[in-house]
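Below is one structure, written out as structure tokens, with a few remarks after it.
2 protein chains.
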Amino acid sequence: MSQRIVTRPLTAEAFAPFGDVIDVSGEPDKMINQGMCGRHHDKAILDFSDGKAGISVFNAQARELPMRLDMVERHPDGSQAFLPLSREPFLVVVAPDENGRPGTPLAFVTAPGQGVNYHRNVWHAVCAPLSEQGQFAVVDRIGDGPNLEEYWFEEDITIQEQ
Amino acid sequence: MSQRIVTRPLTAEAFAPFGDVIDVSGEPDKMINQGMCGRHHDKAILDFSDGKAGISVFNAQARELPMRLDMVERHPDGSQAFLPLSREPFLVVVAPDENGRPGTPLAFVTAPGQGVNYHRNVWHAVCAPLSEQGQFAVVDRIGDGPNLEEYWFEEDITIQEQ
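So this is what it looks like as structure tokens:
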């Protein structure tokens with residue numbers, strides 16, 4: 001069976017069942033630095049279970065659309081945030097859980113200045129920059145154990161642009 | 001008394017007494033995603049004391065060099081990381097502590113892809129983008145109390161380019 005998933009722009013509302021969009025949308029919660037800086041406060045639900053927060057940097061190779069979606073993964077022990085160190089868009093693919101397996105995936109393309117935080121144990125595709133600039137700061141769990149479950153699709157799933 | 005501080009490029013070595021440079025320098029600690037992504041693992045010493053980690057977004061107005069350095073601040077209860085959501089350089093100013101007051105400041109300018117983490121209780125100037133693009137993801141302590149100490153300089157201190 002073959003399936004085609006069409007990308008849509010990333011919005012907080014559509015992404016809410018899977019995680020948080022981290023950006024400057026809306027009014028700042030607080031003005032700081034003598035009015036020179038707006039703070040949009042505490043934008044992500046972080047959960048590192050028995051581990052602790054860490055900041056790593058991912059340097060990922062570009063993908064191109066249309067793209068075959070081979071697999072998704074999830075981290076049972078912690079949330080994972082991707083913060084792009086550039087203004088380049090990237091691809092965000094998530095799937096609802098259906099009895100321990102991923103259901104039909106959803107695909108989003110970010111706007112400049114948008115990061116995402118996958119909630120703990122949410123199925124998502126691997127980091128997929130859509131340009132040569134693939135550097136991300138990643139806030140995830142530092143701790144023991146593999147903290148990784150992969151699911152390889154048998155179906156032929158293609159992500160394509162709208 | 002007037003003082004002139006000259007900016008230098010940000011390096012991990014020069015910044016080490018104050019915090020961590022968060023970037024992709026060196027070999028990745030691990031290749032992930034079927035070899036498509038390098039993970040530079042756990043690049044920052046995070047310390048949130050009795051609080052917890054949060055991700056906020058700062059949207060700061062641009063500064064220009066030369067710039068008057070009016071004040072520095074520190075956060076006694078936690079570290080604070082600035083992760084630029086762009087490739088634009090920003091200004092990083094820190095100062096050693098000398099008996100509870102800031103000593104002579106040091107000024108750095110970042111390269112594209114560099115973020116910083118100020119260690120807990122390190123004197124630093126406020127977030128200072130050098131371009132109109134002033135969006136940063138900030139990883140700092142979410143918790144009770146003001147977690148802020150400011151020091152306003154009486155001297156006339158100017159930060160200028162090399």
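One line per chain: the protein sequences are A and B, in this order.
According to UniProt numbering, the first sequence is numbered sequentially starting from 1.
According to UniProt numbering, the second sequence is numbered sequentially starting from 1.
Glycine included, every Cβ here is placed at the ideal spot set by N, Cα and C.
Computed from a predicted model, the values in this text were never measured in an experiment.
Determine the closest residue to B/N117 out of B/E132, B/M36, B/G103, B/F136, with distance taken between C-alpha atoms. B/F136
Counting Cβ pairs closer than 8 Å, one from the stretch 15 to 26 of chain A and one from the stretch 31 to 38 of chain B, do we hit at least three? no
By DSSP, does B/A15 sit in helix, in strand, or in coil? It should be noted that the sequence gives Phe, not Ala, for residue 15 of chain B. Reduced to three states, the DSSP call for B/F15 is helix.
Just to confirm the assignment: which complete beta strand (DSSP E) runs, minimum length 3, are found wholly within the stretch 114 to 144 of chain A? 115 to 118, 135 to 142
Listed in chain order, which residues of the stretch 86 to 107 of chain B have Cβ atoms closer than 7 Å to some Cβ of chain A? S86, R87
For A/N147, does the count of other Cβ atoms within 10 angstroms reach 16, so buried, or fall short, so exposed? buried
Any beta-carbon of chain A closer than 8 Å to the one on B/I142? yes
What are the partner residues of A/M31, as DSSP defines its beta bridges? A/G38
With a CB to CB cut of under 6 Å and the five nearest residues on each side skipped, what residues in its chain are close to A/E161? T7, L65
To the nearest angstrom, how far is it from the Cα of B/E132 to the Cα of A/G113? 13 Å
Based on Cα-Cα distance, which residue from A/F82, A/E98, A/K52, A/R101 lies nearest to A/G145? A/K52
With a threshold of 8 Å between beta carbons, is A/N59 in contact with chain B? yes
For B/S49 and A/P9, what's the separation of their Cα atoms in angstroms? 38 Å
How about B/S86 and A/S86: are their beta carbons less than 8 Å apart? yes
Can you round the beta-carbon distance between B/A14 and B/A44 to whole angstroms, since I take them to be within the 8 Å contact cut? That belief does not hold up - the Cβ atoms of B/A14 and B/A44 are roughly 16 Å apart, past 8 Å.
Between B/R63 and the rest of its own chain, which residues show a CB-CB distance below 6 Å, the 5 nearest in sequence each way excluded? A128
Counting along the chain, where does the beta strand (DSSP E) carrying A/F58 start and finish? 52 to 60
Taking the C-alpha atoms as reference points, what is the distance between B/F108 and B/V94? 9 Å
In chain order, what residues of the stretch 28 to 61 of chain B put their CB closer than 7 Å to some CB of chain A? P28, N33, M36, C37, G38, R39, H40, H41, D42, K43, A44, L46, A53, G54, I55, S56, V57, F58, N59, A60, Q61
Checking contacts by CB at 8 Å: is B/N117 closer than that to chain A? yes
Straight-line CA distance for A/Q61 to B/T104? 42 Å
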